[in-house]
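Residues in the sequence shown are numbered consecutively from 545, following our numbering.
In this text, a Cβ means the ideal position worked out from N, Cα and C, and glycines have one as well.
Note that the structure is a prediction, hence the values are computed from the model and not measured.
Here's the structure, in structure tokens; my notes come after.
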Amino acid sequence: MNPLPHLRTRRPIRSFVLRQGRLTPAQNRACQRLWPQYGVDWAPGAVLDLASLFGNAHPVVLEIGFGNGESLATMAAQDPERNWLGIEVHGPGVGHLLLELERRELSNVRVIRHDAIEVLSQGIAPASLAGVQLFFPDPWPKRRHQKRRILNPESIELIARALRPGGLFHAATDWEPYAEQMLALLSQSSEFFSNPAGPGCFSPRPPSRPPTRFEQRGERLGHRVNDLIFQRRA
Numbered sequence: 545m546n547p548l549p550h551l552r553t554r555r556p557i558r559s560f561v562l563r564q565g566r567l568t569p570a571q572n573r574a575c576q577r578l579w580p581q582y583g584v585d586w587a588p589g590a591v592l593d594l595a596s597l598f599g600n601a602h603p604v605v606l607e608i609g610f611g612n613g614e615s616l617a618t619m620a621a622q623d624p625e626r627n628w629l630g631i632e633v634h635g636p637g638v639g640h641l642l643l644e645l646e647r648r649e650l651s652n653v654r655v656i657r658h659d660a661i662e663v664l665s666q667g668i669a670p671a672s673l674a675g676v677q678l679f680f681p682d683p684w685p686k687r688r689h690q691k692r693r694i695l696n697p698e699s700i701e702l703i704a705r706a707l708r709p710g711g712l713f714h715a716a717t718d719w720e721p722y723a724e725q726m727l728a729l730l731s732q733s734s735e736f737f738s739n740p741a742g743p744g745c746f747s748p749r750p751p752s753r754p755p756t757r758f759e760q761r762g763e764r765l766g767h768r769v770n771d772l773i774f775q776r777r778a
């Protein structure tokens with residue numbers, strides 16, 4: 545049963561296109577061999593029992609679209625007292641992360657291969673997450689495609705619903721117009737969120753967020769990276 549049926553009255557517009565690419569032989573083997581250890585076979589409508597999933601009651605941070613997973617693995621290694629739930633639709637990224645989790649011998653990460661918005665709307669209990677992360681989502685720069693941007697009033701409500709009071713939503717993008725739109729949308733959601741950096745302000749990148757290769761490439765091209773950190777109100 546969908547806990548927020550009023551958000552699903554229309555056919556959903558996906559924020560991604562499945563350009564699967566080609567899994568390397570190592571990634572393909574990882575998906576077969578390591579999925580039972582790290583993977584979550586989530587079915588729409590099933591609410592996740594996070595404590596059972598991780599085997600403890602540590603705070604859980606969910607990352608939407610982890611890319612190749614290197615930054616997620618780094619954060620999980622740096623903060624073993626938190627659990628990390630990564631959601632990604634692209635197979636090569638999933639395979640890459642699984643290999644990285646094995647290499648680092650991490651036990652505090654689980655992976656779901658599914659549409660993150662669907663998981664948030666149907667699979668996450670209210671007020672169950674300590675944090676939600678959205679790093680470098682597709683900016684869909686063409687005007688006719690901007691309806692596909694993942695951050696919108698509906699997804700902000702889903703994120704707010706999933707976060708416990710005091711929990712953090714942390715986003716980052718190197719696309720300036722998208723950063724400004726994100727800031728405006730989150731600022732307009734003042735019933736859910738406050739901005740610790742101050743009204744209308746971006747946040748400095750916290751040391752806990754490792755720079756990604758994608759981010760470093762953008763900076764070389766002259767793209768300024770903006771972080772947004774908003775706190776869930778009580």
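Quick one: complete alpha helix (DSSP H) runs, 4+ long, within the segment 715 to 769?
720 to 732 and 757 to 764
With H, G and I counted as helix, E and B as strand and the rest as coil, what does DSSP make of Glu-607?
strand
With Arg-501 and Ala-621 assumed to form a contact (beta carbons below 8 Å), what rounded beta-carbon distance in angstroms separates them?
Residue 501 lies beyond the range of the chain shown here (545 to 778); nothing can be said about it.
How about Gly-630 and Phe-610: are their beta carbons less than 8 Å apart?
Yes, they are a contact pair.
Give me, in chain order, the residues of the same chain whose beta-carbon lies closer than 6 Å to that of Leu-551; leave out the 5 immediate sequence neighbours on both sides.
Because the pLDDT at Leu-551 is just 41, under 50, the model does not fix this residue reliably, and the value given afterwards should be weighed accordingly. Once the five neighbours on either side are set aside, the close Cβ partners of Leu-551 are Glu-698.
Note the first and the last residue of the continuous beta strand (DSSP E) segment covering Asn-627.
627 to 631
Might you give, ordered along the chain, the residues of its own chain that have their beta carbon closer than 6 Å to the beta carbon of Leu-678, omitting 5 neighbours on each side?
Ile-608 and Ala-715
Start and end residues, beta strand (DSSP E) containing Gln-677:
673 to 679
From the DSSP secondary-structure annotation, give me the bridge partner or partners of Trp-775.
The sequence given here places Gln at residue 775; Trp does not occur at that position. Leu-712 and Ser-738.
Hey, could you find the ends of the beta strand (DSSP E) Ile-703 is sitting in?
That residue, Ile-703, is in no beta strand (DSSP E); its alpha helix (DSSP H) goes 697 to 706.
Would you give the residue range spanned by the beta strand (DSSP E) that Val-591 belongs to?
Counting along the chain, Val-591 falls outside any beta strand (DSSP E), and DSSP gives it neither H nor E.
Counterpart residues of Ile-668 in DSSP-defined beta bridges:
Answer is none; Ile-668 lacks a bridge partner.
So, with DSSP's three-state summary, where would you put Gly-639?
helix
Minimum C-alpha distance to Arg-758 - residue among Gly-744, Leu-592 and Ser-615:
Per the sequence presented here, residue 758 reads as Phe, with Arg not at that position. Out of Gly-744, Leu-592 and Ser-615, Ser-615 has the C-alpha closest to the C-alpha of Phe-758.
Closest residue to Arg-687 among Arg-777, Val-769 and Tyr-722 (Cα-Cα distance)
With distances taken between Cα atoms, Arg-687 lies closest to Tyr-722.
Note down the Cα distance separating Leu-673 from Tyr-582, rounded to an integer number of angstroms.
Answer to the nearest angstrom: the Cα atoms are 19 Å apart.
State the Cα-Cα distance for the pair Glu-701 and Cys-575, rounded to the nearest angstrom.
32 Å
I'd like to know if the segment 648 to 659 and the segment 754 to 772 are in contact, where contact means that at least 3 CB-CB pairs between them fall below 8 Å.
Verdict: no, contact absent.
Taking just the CA atoms, how far does Ala-570 sit from Asp-593?
31 Å
Report the three-state DSSP secondary structure of Val-584 (helix, strand or coil).
It is coil, neither helix nor strand.
Do Asn-739 and Phe-713 come within 8 Å of each other at the CB atom, strictly closer than that value?
no
Just the Cα atoms here: how many angstroms apart are Lys-691 and Ser-665?
19 Å
Could you give the C-beta distance for Gly-639 and Asn-572, rounded to a whole number, given that I count them as a contact under 8 Å?
7 Å
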